[in-house]
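In my numbering, the protein residues as written are 235 to 544. Quick reminder that beta carbons are idealized off the backbone N, C-alpha and C, glycines included. The structure under discussion appears below in the form of structure tokens.
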């Protein structure tokens, strides 16, 4: 008899198909409360994604639950403390998406500073015949501040080094093995940066770290790039800063209330927005799926989990 596994959020079709082939897979989106209650005592594994919310109440409603496998590096939507209290392990898919996220971060920095999207619209709207496009800002040699120097922050820094950028960062503590400058205070880092890159994880500890004071310190020539979680940025403060000219622009892959993006962040020449797609390449999604499958298999086989959350 196949083990019962509950799919709690959206997953790639190929991963869903493989889970269906291996296990007795149930989709929460297709179940009402009665159907869920009927299998609650038999579900030992839940599969979710990095944007979903897994609450303490939901965990408690599945008394046999032993593993929550997250398709994503971020797991701030999962009540990890509740999982621990109920003896439930949590895994995620770190490492495999680092390069793609770092690539898009650099892409957003270039697109925002050189106003690439606005330049395309300039041509498409027939404005070139009336004169050249506005001058833009240089990236090479500029100052890059990075909030959060984990795997992704370091990958961005390595790429930025190729642009001869001066790189500084802030984190919970300095990393002695890294050559880049450590700045303990986020506002001070923003003050010293032409581009401020947000690479911090989501969650209560980082909520609205990018606040009006930090944006003011970034200044009217500064650009904010966020490829981490929308919750790290005070979105209302960001909109106010863009509208007042307190900062020069923003490149955003994540938002506070996805998939809802405020109208005030759309149709702006100095803002480039993408739909939380930093890790969404075929290659990386295949690797993320592989890690989910390996973690679930490890659990059922009683072997060590491949990528448990820290």
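Coil, strand or helix - residue i by DSSP
i, result
"residue 283", "strand"
"residue 292", "helix"
"residue 324", "strand"
"residue 261", "strand"
"residue 274", "coil"
"residue 415", "strand"
"residue 298", "coil"
"residue 428", "coil"
"residue 256", "helix"
"residue 542", "strand"
"residue 505", "strand"
"residue 315", "helix"
"residue 240", "strand"
"residue 247", "helix"
"residue 467", "strand"
"residue 516", "helix"
"residue 500", "coil"
"residue 310", "coil"
"residue 188", "Absent from the structure is residue 188, since the part of the chain shown begins at 235 and ends at 544."
"residue 511", "coil"
"residue 388", "helix"
"residue 369", "coil"
"residue 341", "helix"
Counted within 10 angstroms of its Cβ, other Cβ atoms place residue i as buried (16 or more) or exposed
i, result
"residue 374", "exposed"
"residue 362", "exposed"
"residue 367", "exposed"
"residue 392", "exposed"
"residue 469", "buried"
"residue 516", "exposed"
"residue 406", "exposed"
"residue 235", "exposed"
"residue 369", "exposed"
"residue 291", "exposed"
"residue 463", "buried"
"residue 275", "exposed"
"residue 537", "exposed"
"residue 394", "buried"
"residue 357", "exposed"
CB-CB length for residue i against residue j, believed under 8 Å
i, j, result
"residue 325", "residue 304", "6 Å"
"residue 335", "residue 461", "6 Å"
"residue 340", "residue 390", "7 Å"
"residue 239", "residue 279", "5 Å"
"residue 225", "residue 510", "Nothing can be reported for residue 225: it is not among the residues displayed for the chain, which extend from 235 to 544."
"residue 331", "residue 541", "Residue 331 to residue 541, Cβ: 12 Å. No contact."
"residue 472", "residue 449", "7 Å"
"residue 376", "residue 503", "Contact flag wrong, Cβ pair sits at about 20 Å."
"residue 259", "residue 277", "Not a contact, Cβ separation roughly 11 Å."
"residue 346", "residue 459", "7 Å"
Separation of residue j from residue i, as counted between CA atoms
i, j, result
"residue 372", "residue 412", "26 Å"
"residue 385", "residue 329", "7 Å"
"residue 529", "residue 404", "32 Å"
"residue 354", "residue 417", "37 Å"
"residue 531", "residue 298", "17 Å"
"residue 484", "residue 523", "31 Å"
"residue 321", "residue 300", "7 Å"
"residue 476", "residue 482", "7 Å"
"residue 397", "residue 478", "30 Å"
"residue 285", "residue 424", "27 Å"
"residue 253", "residue 437", "29 Å"
"residue 319", "residue 294", "10 Å"
"residue 380", "residue 494", "26 Å"
"residue 314", "residue 246", "24 Å"
"residue 350", "residue 242", "38 Å"
"residue 251", "residue 266", "22 Å"
"residue 457", "residue 268", "50 Å"
"residue 399", "residue 499", "27 Å"
"residue 244", "residue 263", "9 Å"
"residue 419", "residue 446", "15 Å"
"residue 527", "residue 428", "42 Å"
"residue 501", "residue 323", "43 Å"
"residue 514", "residue 348", "24 Å"
Residues that DSSP places opposite residue i in a beta bridge
i, result
"residue 303", "281 and 325"
"residue 483", "457"
"residue 537", "In DSSP, residue 537 forms no bridge with anything."
"residue 402", "379 and 415"
"residue 494", "491"
"residue 357", "Residue 357 pairs with nothing; no bridge assigned."
"residue 444", "467"
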